[in-house]
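Scroll down for the structure; my scribbles are underneath it.
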Amino acid sequence: MQHIHLAEISQAGLQLAIQEIKDEMFDTPECDYTIAKLLCHCSQFEAAERQLDDMLLKWGSSPDVVELTEKGYAMVATMSATVATPAPHSTTRQAARQTMVAA
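What follows is the structure, given as structure tokens:
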């Protein structure tokens, strides 16, 4: 019996979701932005930034595209900072665990 990893299933599901977005929205800047947003929500911040970079290269610098990319970069920055900064209660729990282990 073949062993399937959860990460592989999640990656496959993400790829299916991206394909569904492409099928529904066709090839538009909004489609690329939506894919970047999905990647960001899946904590794939580098992939989201690449998607936004590609979007800007692909669609040029029209006001609509620039607005979407700026919005996307701000979203990536905000969400990645949120993930990188531990919540205050988790820091307290971590300190308590370290104290118990040291004792």
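Quick note on numbering: the sequence shown equals residues 376 to 478 in the numbering used here.
For each residue, glycine too, the CB sits at the ideal point set by N, CA and C.
For residue i, does the three-state DSSP call read helix, strand or coil?
i	result
residue 418	coil
residue 402	coil
residue 435	coil
residue 467	Low per-residue confidence applies at residue 467: pLDDT is 46, beneath 50, and the placement is therefore not dependable, though the value from the model is reported in the following sentence. DSSP places residue 467 in helix when its eight states are reduced to three.
So residue i and residue j are supposed to be a Cβ contact under 8 Å. How far apart are they, rounded?
i	j	result
residue 417	residue 389	6 Å
### Message
Three Cβ pairs or more, each shorter than 8 Å: is that satisfied between the region 431–445 and the region 401–412?
### Response
yes
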